[in-house]
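Student: Numbering (my numbering) for the sequence shown: 169 to 375.
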Amino acid sequence: MYILKKIIKKIFFKSVKSSTEVYKSFIKTGNQSIISGLNIQLRKAEKEKIYLTIGNNSVVQGNFIFEKNSGFIKIGDNTFIGGGTFICIDSIEIGDNVMFSWGCTVVDNNSHSTKWSERKDDVKDWKRGLDEAKIGVYKDWTNVKSAKIIIKNKVWIGFNSIILKGITIGEGSIIGAGSVVTKDIPDWAIVAGNPAKIIKIIPENER
169 MYILKKIIKK
179 IFFKSVKSST
189 EVYKSFIKTG
199 NQSIISGLNI
209 QLRKAEKEKI
219 YLTIGNNSVV
229 QGNFIFEKNS
239 GFIKIGDNTF
249 IGGGTFICID
259 SIEIGDNVMF
269 SWGCTVVDNN
279 SHSTKWSERK
289 DDVKDWKRGL
299 DEAKIGVYKD
309 WTNVKSAKII
319 IKNKVWIGFN
329 SIILKGITIG
339 EGSIIGAGSV
349 VTKDIPDWAI
359 VAGNPAKIIK
369 IIPENER
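1) How about residue 325 and residue 272: do their beta carbons lie closer than 9 Å?
2) Assuming residue 359 is part of the alpha helix (DSSP H), what are its boundary residues?
3) From 288, 292 and 228, pick the residue whose C-alpha is nearest to that of residue 268; which is it?
4) Let me see if you follow: with CB-CB separation under 9 Å, is residue 302 close to chain B or not?
5) Could you compute how far the alpha carbon of residue 279 sits from the alpha carbon of residue 301?
6) Could you tell me the distance, in whole angstroms, from the CA atom of residue 348 to the CA atom of residue 231?
7) Can you tell which of 281, 374 and 210 has its C-alpha closest to the C-alpha of residue 241?
8) I need the DSSP call for residue 184, collapsed to helix, strand or coil.
9) Can you tell me which residues form a DSSP beta bridge with residue 386?
10) Is residue 244 near residue 205, with beta carbons less than 9 Å apart?
11) For residue 314, list the residues DSSP reports as bridge partners.
12) Please name the residue in 192, 275, 248 and 337 whose C-alpha comes closest to that of residue 319.
13) One question on the structure: do residue 305 and residue 212 come within less than 9 Å of each other, judged by their Cβ atoms?
14) Taking the straight line between their C-alpha atoms, what separation do you get for residue 215 and residue 203?
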């Protein structure tokens, strides 16, 4: 059992490293940033396109999945992302001095149509991609809604929080652990819950 665990661990870390190495031409990283825990997936990679930019002195881990070539994620300076999953077909913009705790999910789209008639083939198309080792290639995004996510400077997002499409989170806001953000959050607000609601506005002398 011990030997098996060592083999699995070796394969896992090799696959993560390979992901970053294979796709490093699609990532632009600033000075002194660390991305050793970053895993990127591109369903249909477009040559000479940058999908992910990271500013200076940031630490970025987690899974970054670009379902379409139109997706783009920008991360600012001095920002910490401690894992989680970012799924993008449109745009996700994360500012400077932002902190993400572990287990967060950020999705700029609905993943499927809300109409059964428009999503009835989604499983079949996904399975076809798996069968042919082309994950997600046959997914039809025609009727899937998406909208840009903006997370402004100095935001702190607690663990296991979920940020949905079209949301702007204001400067200096705090998102309580396990929150589901479905609407815009004003500057310097503390929110929590599902759906997330304002608990407090941080006074100027505490900012």
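We put the beta carbon where it would ideally sit given N, CA and C, even for glycine.
Note that the coordinates shown come from a computational prediction; the quantities given were computed from them, not determined experimentally.
Tutor: This is what the structure gives:
1) Yes, Cβ-Cβ distance for residue 325 and residue 272 is below 9 Å.
2) Going by DSSP, residue 359 is part of no alpha helix (DSSP H) but of the beta strand (DSSP E) stretching over 357-360.
3) For the options 288, 292 and 228, the alpha carbon positioned closest to that of residue 268 is the one of 228.
4) Considering every chain present, this structure includes no chain B. It has just one protein chain.
5) Roughly 20 Å between the two C-alpha positions.
6) Computed Cα separation, rounded: 19 Å.
7) Comparing C-alpha distances from residue 241 to each of 281, 374 and 210 shows the shortest one belongs to 210.
8) Because residue 184 sits at a pLDDT of 40, beneath the cut-off of 50, its placement in the model cannot be relied upon, and the following sentence gives the value as read from the coordinates. For residue 184, the secondary structure class from DSSP, reduced to helix, strand or coil, is helix.
9) Since the first and last residues shown for the chain are 169 and 375, residue 386 lies out of range.
10) Cβ atoms of residue 244 and residue 205: not closer than 9 Å.
11) Its beta-bridge partners are 277.
12) The shortest CA-to-CA distance from residue 319 to any of 192, 275, 248 and 337 is the one to 337.
13) Contact flag set, yes.
14) Their Cα atoms are separated by approximately 21 Å.
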